[in-house]
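This report refers to the structure that appears directly beneath it.
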Amino acid sequence: MAAKIFLTDSQIALYWIYSHKPLKTYVVNRVKYIRRVFDELEAEKISTGII
63 MAAKIFLTDS QIALYWIYSH KPLKTYVVNR VKYIRRVFDE LEAEKISTGI
113 I
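What follows is the structure, encoded as structure tokens:
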């Protein structure tokens, strides 16, 4: 697999990912999950990115 693309129609989700402000526990857990998935894919040498 050369690449994976994550799509979202939610500007809120993108805000969460890039935010430096304190977030609620649920949001923090969702962002951690998204980042973990990206890290796992990168470890497998699969290119990733948020557009």
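Take the sequence shown: its position 39, counting from 1, is numbered 101 in this note's numbering, and each next residue is one higher.
Just so it is clear, CB atoms sit at the ideal spot from N, CA and C, and this is done for glycine as well.
Note that the structure is a prediction, hence the values are computed from the model and not measured.
CB contact check: residue i to chain C, cutoff 8 Å
i, result
"residue 75", "Among the chains of the structure shown, chain C does not appear; only one protein chain is present."
Residue i to residue j span [Cα, whole Å]
i, j, result
"residue 87", "residue 104", "26 Å"
"residue 96", "residue 107", "17 Å"
Distance cut-off 7 Å: residue i Cβ against heavy atoms of the ligand GDP
i, result
"residue 77", "Among the ligands in the structure shown, none appear at all, so the ligand GDP cannot be discussed."
Same chain only: Cβ atoms within 7 Å of residue i, ignoring 5 sequence neighbours per side
i, result
"residue 89", "78"
Host alpha helix (DSSP H) of residue i (start-end)
i, result
"residue 85", "Premise fails: residue 85 is in no alpha helix (DSSP H) and is neither H nor E."
Other residues of its chain near residue i: CB distance less than 6 Å, five sequence neighbours each side excluded
i, result
"residue 85", "none"
"residue 83", "none"
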